[in-house]
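Enquirer: Under my numbering, the first residue of the sequence shown is numbered 547, with each subsequent residue one higher.
Even for Gly, the Cβ is constructed at its ideal location relative to N, Cα and C.
Quick caveat, the model's predicted, so the values are computed rather than measured.
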Amino acid sequence: MNMKKIHITLGGLLLALLSVCVISCKKTDGRAERSDFIQVYDAPDGETPLERVVVSVKGGTFTYYIRANVSFSAEWQSEESSWAEISEPKLVKDGLWSIDLSVKPIDRRSYAQTGATGPIGLYTRRYGVIKLSCQTQYLGNFLVVEQGLENRIACDFSWLYGSADPNATYNDVLMSQWTTAQLNQGYTSTRIQGEEETWVYAKEGYVKLGNDRGAGADLITPHTSDFQYDTLLVVSFRAVVQNGDVLPDYTGGTEPIVPMRRPAPFAEGAGDAADAGAFTVQVTGGGFIRDFVATGGTSLDLELPTYDRTSPSFPADMFKGASYLVFIEGTENNPITVNTALRFIAGSMAASETGPCNRVFLDDVFVYRQSPLLDEDLFLANGSKSGKDIICGGNGHE
Numbered sequence: 547m548n549m550k551k552i553h554i555t556l557g558g559l560l561l562a563l564l565s566v567c568v569i570s571c572k573k574t575d576g577r578a579e580r581s582d583f584i585q586v587y588d589a590p591d592g593e594t595p596l597e598r599v600v601v602s603v604k605g606g607t608f609t610y611y612i613r614a615n616v617s618f619s620a621e622w623q624s625e626e627s628s629w630a631e632i633s634e635p636k637l638v639k640d641g642l643w644s645i646d647l648s649v650k651p652i653d654r655r656s657y658a659q660t661g662a663t664g665p666i667g668l669y670t671r672r673y674g675v676i677k678l679s680c681q682t683q684y685l686g687n688f689l690v691v692e693q694g695l696e697n698r699i700a701c702d703f704s705w706l707y708g709s710a711d712p713n714a715t716y717n718d719v720l721m722s723q724w725t726t727a728q729l730n731q732g733y734t735s736t737r738i739q740g741e742e743e744t745w746v747y748a749k750e751g752y753v754k755l756g757n758d759r760g761a762g763a764d765l766i767t768p769h770t771s772d773f774q775y776d777t778l779l780v781v782s783f784r785a786v787v788q789n790g791d792v793l794p795d796y797t798g799g800t801e802p803i804v805p806m807r808r809p810a811p812f813a814e815g816a817g818d819a820a821d822a823g824a825f826t827v828q829v830t831g832g833g834f835i836r837d838f839v840a841t842g843g844t845s846l847d848l849e850l851p852t853y854d855r856t857s858p859s860f861p862a863d864m865f866k867g868a869s870y871l872v873f874i875e876g877t878e879n880n881p882i883t884v885n886t887a888l889r890f891i892a893g894s895m896a897a898s899e900t901g902p903c904n905r906v907f908l909d910d911v912f913v914y915r916q917s918p919l920l921d922e923d924l925f926l927a928n929g930s931k932s933g934k935d936i937i938c939g940g941n942g943h944e
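#1: On a CA-only basis, which of K866, A614, V649 is nearest Q623? Give me that one, please.
#2: Could you have a look at I584 and say whether DSSP puts it in helix, strand or coil?
#3: Classify Q788 as buried or exposed, calling it buried when 16 or more other Cβ atoms lie within 10 Å of its own Cβ.
#4: Quick check on the burial criterion: 16 or more other C-beta atoms within 10 angstroms. Buried or exposed for Y716?
#5: With 16 other CB atoms within 10 Å as the buried threshold, where does Q723 fall?
#6: Where E742 and P861 are concerned, what is the direct C-alpha to C-alpha distance, given to the nearest angstrom?
#7: Please classify I652: does DSSP put it in a helix, a strand, or coil?
#8: Taking the alpha helix (DSSP H) that F925 belongs to, which residues open and close that run?
#9: Would you check if there are 3 or more beta carbon pairs closer than 8 Å linking the region 912 to 931 to the region 686 to 703?
#10: Under the three-state reduction of DSSP, which class applies to R836: helix, strand or coil?
#11: Near F834, what residues of its chain come up, given a Cβ to Cβ distance below 8 Å and the 5 sequence neighbours on each side ignored?
#12: Quick one: does L848 have its CB under 9 Å from some CB of chain C?
#13: Since A727 is in the alpha helix (DSSP H), which residue starts that stretch and which ends it?
#14: List the endpoints of the continuous beta strand (DSSP E) containing V603.
#15: Quick one: residues in its chain with C-beta nearer than 6 Å to the C-beta of G933, no 5 flanking neighbours on either side, listed in chain order?
#16: Expressed to the nearest angstrom, what Euclidean distance is found between the alpha-carbon atoms of K677 and E621?
#17: Please state whether the Cβ-Cβ distance between L647 and T609 is less than 9 Å.
#18: Check whether the Cβ atoms of S894 and A761 sit closer than 9 Å, and answer yes or no.
#19: Please tell me whether N904 and A819 are closer than 9 Å, where the distance is taken between their beta carbons.
#20: Pair every Cβ in the region 822 to 831 with every Cβ in the region 884 to 891, then say whether three or more of these pairs are closer than 8 Å.
#21: I'd like the list of long-range same chain contacts for F618, defined as Cβ closer than 7 Å, with 5 residues on each side in sequence excluded.
#22: Report buried or exposed for Y914, applying the criterion of at least 16 other Cβ atoms within 10 angstroms of its Cβ.
#23: Give the secondary structure of F773 by DSSP, where H, G and I count as helix, E and B as strand, and everything else as coil.
#24: Could you check the C-alpha separation between T770 and G686 for me, to the nearest Å?
#25: What do you reckon, are the CB atoms on A763 and A630 nearer than 9 Å?
#26: Would you report the Cα separation of S859 and A710, rounded to the nearest angstrom?
#27: Tell me the DSSP secondary structure of S704 in three-state form.
#28: From which residue to which residue does the beta strand (DSSP E) around A887 run?
#29: Look up F860 in the DSSP assignment and give the residues it is bridged to.
#30: So A785 is in the beta strand (DSSP E); what residue range does that whole segment cover?
#31: Between which two residues does the beta strand (DSSP E) containing K639 stretch?
#32: Checking the sheet assignment: what are the DSSP bridge partners for W643?
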């Protein structure tokens, strides 16, 4: 059987599926249902034919069984670059074949990808199809394969511009000075009482929360009407704390770069040491942190790492090993609603010109819908707890 890998657009993929379905429903002579068939099962003695399967984000090899009374060919089709492949069908016994689907872990993706419908996150769902067909009999069937979850909010902050170096401030832009197009993305922030600004800054493709005088800041995700249909959400993001107040040298020339220190006064704790690193994720407007549903908890405190300024790839790899997952659950008494939002809080939201600095850099905020019945449960895959991403975070995708 000749197998060929085909890459098509999602629209083309759906059209192909529709045409296969039409072919498989044809009658042989217009009077009786045809008796030939090609069907896929999850076990040799499976009772219900498969139409859709969800494979683990960790990848692996999955075996499916094909019952057919005609000869057939098998093909793998996907719109995204090859993330899975199928083996040649193997005869198990008369009328029954097995086929292996080898799936790559979803963490082989890179961040900052953009698809036809917007940014692609680490766990954004991707699709493929195992197409089974008998050309001589005009007969076909297909198995839809899915990996990952459906986006609800997808933000890589590629629409923000500022200093690429986290310690540099010469080109950073406060939220109050963002363009209309940037503000229309829907992100908001709370002004601390007595402060003249919300201390959220645009960096080059990411944001900074908090200032160098010790004031904290928050960033609140936009609302979406899609949340009204959800009971489980998965929040994915990357975050690190500022590594001291040492600035890069902008004098140029051929001499080695010599760090410069920001002039005094500093907030207490500023200088060469990393900032405090306190960070809170809070769900507002409906829903609980899944870890704390029994107690009604809506916030999770995290201690963030800092970045390695000595890395040869800095600042491109500043978020390496700093991927996080937070799981949200709606209940009958506190459901997820159209008003549900995620609030990321760096440091204290009380005015503090002399408190410890707590500047946090945040990127790649994605909120995914998780179906309780159909999708892989990433909460269980992450050790039944929110916090560091132990499923895919840090496995080389940064």
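Expert: On the basis of the supplied data:
#1: V649
#2: strand
#3: buried
#4: exposed
#5: exposed
#6: 30 Å
#7: helix
#8: 924 to 927
#9: yes
#10: helix
#11: G842, G843, T844, I874, E875, G876, T877, N880
#12: Going by chain labels, chain C is absent from the structure shown, which holds only one protein chain.
#13: 726 to 729
#14: Neither: V603 is in no beta strand (DSSP E) and is coded neither H nor E.
#15: none
#16: 5 Å
#17: yes
#18: yes
#19: no
#20: yes
#21: I584, L678, S679, C680
#22: buried
#23: helix
#24: 39 Å
#25: no
#26: 12 Å
#27: coil
#28: 887 to 892
#29: Answer is none; F860 lacks a bridge partner.
#30: 778 to 787
#31: 636 to 639
#32: I612, L637
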